Amino acid sequence: MESSFCYTPDSSIPLDINHDVMFREGQNFRGEVTYTPRVLVVDLPENLRSIREECPLYRSADEDKTDAPWEGALEVIRKDSTRKNPFLEEFANESANSSSDVIPQVANKPAPDLNYDFNRSDTVWSDFLKTNLHPRSFCLLNDLVSAGDTNSIDLYSNGEEMYMKEGKEQIEEALRRLSEDCDYLQGFHLIFDSYNAFAGVSSQILQYLDDEYKRVPSLCFPVYQDNKDTPIDDTKVQMHRLYAALNSMNSMNSYSTFFSPLSFSNDIVKLSQPFISFPHLQYDRNLLYHTSAVLAAAIETLTSAYRLRSMKFSMWDITSAMSTYGRKLVSSSTSLPFPLAENTYLNAMVQGDHPDYYMTSLTPFYKPEAEKTLFQSAVLRGIPVNKFQNLGKSIYHTVQPEEIFGEYLNKYSSSSVTTATVFPEMCSVATPFPKIFKDSVGNGGFLNFDSRSSHKDISKVPVAAAFCSSDSSAEFLEDLLTQAKKSSFKEFARCTESTYEKDNYAEVIENILGLQDNYKNYQ
3 MESSFCYTPD
13 SSIPLDINHD
23 VMFREGQNFR
33 GEVTYTPRVL
43 VVDLPENLRS
53 IREECPLYRS
63 ADEDKTDAPW
73 EGALEVIRKD
83 STRKNPFLEE
93 FANESANSSS
103 DVIPQVANKP
113 APDLNYDFNR
123 SDTVWSDFLK
133 TNLHPRSFCL
143 LNDLVSAGDT
153 NSIDLYSNGE
163 EMYMKEGKEQ
173 IEEALRRLSE
183 DCDYLQGFHL
193 IFDSYNAFAG
203 VSSQILQYLD
213 DEYKRVPSLC
223 FPVYQDNKDT
233 PIDDTKVQMH
243 RLYAALNSMN
253 SMNSYSTFFS
263 PLSFSNDIVK
273 LSQPFISFPH
283 LQYDRNLLYH
293 TSAVLAAAIE
303 TLTSAYRLRS
313 MKFSMWDITS
323 AMSTYGRKLV
333 SSSTSLPFPL
343 AENTYLNAMV
353 QGDHPDYYMT
363 SLTPFYKPEA
373 EKTLFQSAVL
383 RGIPVNKFQN
393 LGKSIYHTVQ
403 PEEIFGEYLN
413 KYSSSSVTTA
423 TVFPEMCSVA
433 TPFPKIFKDS
443 VGNGGFLNFD
453 SRSSHKDISK
463 VPVAAAFCSS
473 DSSAEFLEDL
483 LTQAKKSSFK
493 EFARCTESTY
503 EKDNYAEVIE
513 NILGLQDNYK
523 NYQ
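Under my numbering, the first residue of the sequence shown carries the number 3, and numbering increases by one thereafter.
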């Protein structure tokens, strides 16, 4: 998101997104103005190996000096530091040398054309983090992976236990500070692994939010991608994933406003074929660096409807509409990039018989182009106003971009109720976004099938994304429940180290069955 900032405001660049929604202005001890995300990161220390909790904005210049400020005996404890990769070294130097008196508005700082090697299985999210985080943004669960037990991170119940033992006070205090910093608290986003201990941590956080902020929406994005080779054949790992998925879904159905599962496979337990494909992307499904980039672009677009300066919608408007009739499991889809060619107009795609490509589902079992939905909230970003309609050749009067996009949605993915949001600011895919675009995508982000053109410098693309209340969610839940029925209660009990009663298991299954009924009754 920070890659869409601009440090030299230019009236020719769209300023649609209000970055104050997700970022806050502050001041460090040097009196410099800072601009950091409103975020709380709950993670393991090993995943922050490339960065420090104290970002350069909040550290003194002489903090790392070896001379002690007192006389007398000195005990020295040395620990080898992790060497930053070239990308983070360059970013750290930029942060240290830049002036912080002006708050950025939109993006205008192109990244140097360097080849950073992030395409490795051991790459973690902090290796390509191009954002300075406030020191209070971190909550590290140091004891989640206990010595000699490398599987403890896989257990849902370990996450619940760690929250109560180690993270509860710190996390809840951080959430209170975040909410108090807001002039207008729209709601909470929760993005988390929903197949391991972090599902347990997130369930506890959801319960806290429901207790303390019951009238404030909470939107969950449970992610099921893993850094293991797929498909997952280990039956023990499968059982851990199934147990975490069921319990996490039970908590989200009970405490969140709505949730949208994200997976590149219909089978969230085994992550087996077929895997989703994008006609204009070539990504490696086993690299979290690739899959997380696709999900990040989709989430950033999906949630932009209530982060615009125009404030056409609030988060409450979107979440309350999408969860009507208790249909809290909402499907997500995206087209990355939006398949508009450089020399065509959107109304031509509406007038055509069938699009070459509509959207790709990110939620299991949802088929965007093949089913009618009850509610739909869609966003189209990055299309200039003059590419919606060819006014010179049109026999019709001028139509608003939202109307044309609405016609496009209703023709190829009809819905009983559709809200369409359109704005011209494109989605930034500059470094460190992976180079996963095919040659069919031109430098400007639009499709260009001219083989003579050079397609190497893609920094921005148009993107469409949609939340949908789809009947296919019943199929997703049925698949999950079918896998649960194949296992006995004793097998589920082995997935927890704490007391787990059979009544607890029955309650979880009953809750998910009730959620499934909300989709069957309106088909």
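Glycine included, every Cβ here is placed at the ideal spot set by N, Cα and C.
Quick caveat, the model's predicted, so the values are computed rather than measured.
DSSP lists no beta-bridge partner residue for D269.
A distance below 8 Å between beta-carbons, with the five flanking residues on each side excluded, links E27 to the following residues of its chain, in chain order: V35, T36, Y37, I105. Going by beta carbons, S322 and A247 fall outside the 8 Å limit.
Non-local beta-carbon contacts of D459 in its own chain, meaning distances under 7 Å to residues more than five positions away in sequence, involve N445 in chain order. DSSP, read as helix, strand or coil, puts T433 in coil.
Here Q378 is bridged, per DSSP, to T420, C470.
DSSP places K462 within a strand segment (E or B) once states are collapsed to three. Between the stretch 279-291 and the stretch 248-261 there are fewer than three C-beta pairs closer than 8 Å, too few to call the two in contact. Closest option to I19, judged by alpha-carbon separation, among Q275, E409, L46, P426: P426. L187 is the residue among L187, D228, A199, N198 whose C-alpha sits nearest the C-alpha of R217. Look at D156 here: in three-state DSSP terms it is helix. Taking a C-beta distance under 8 Å as the contact criterion, L338 and F260 do not qualify as a contact pair. F190 is bridged by DSSP to S220. In this structure, Y165 lies near Q206, with their beta-carbon atoms less than 8 Å apart. Taking all protein chains shown into account, N388 has fewer than 16 neighbouring C-beta atoms within 10 Å of its C-beta and is therefore exposed. For S430 and C184, the gap between their C-alpha atoms comes out near 26 Å. For Y507, the enclosing alpha helix (DSSP H) covers residues 504-522. Distances from the CA of D473 to each of K488, K522, V510, S204 were compared; the closest alpha carbon is that of K522. A Cβ-Cβ distance of about 7 Å is found for the pair L264 and S334, placing them in contact under the 8 Å criterion. One alpha carbon belongs to R287, the other to D231, and they sit about 9 Å apart.
As computed with DSSP, A343 is found in a beta bridge with L449.
Of I193, L348, E171, L331, the smallest CA-CA separation from P366 is found for L331. If you look at R178, you'll find it in the alpha helix (DSSP H) that goes 170-182.
Following the DSSP letters along the chain, one finds Y257 inside the alpha helix (DSSP H) bounded by residues 237-257. Its Cα nearest to that of L342, the residue V463 stands out among R122, I193, L180, V463. Classified as exposed, N345 has fewer than 16 neighbouring CB atoms from the shown chains inside 10 Å of its CB. Shortest Cα-Cα distance from L483 to any of A467, A466, S461, N513 involves N513. Residue state for R138 is assigned as helix, using DSSP reduced to three classes.
Taking a 10 Å sphere around the C-beta of K272, we find 16 or more other C-beta atoms and assign the residue as buried. When beta bridges are read from the DSSP output, L46 appears opposite no residue. The Cβ-Cβ distance between V419 and F377 falls below 8 Å.
In the DSSP assignment, G408 falls within the alpha helix (DSSP H) that extends over 403-414. Bounds of the beta strand (DSSP E) holding T36 are 35-39. CA-to-CA, the gap between A199 and L157 works out to about 5 Å. In this structure, F140 keeps its C-beta atom at 8 Å or more from the C-beta atom of F130. With fewer than three CB-CB distances shorter than 8 Å, the stretch 225-243 does not count as touching the stretch 307-321.
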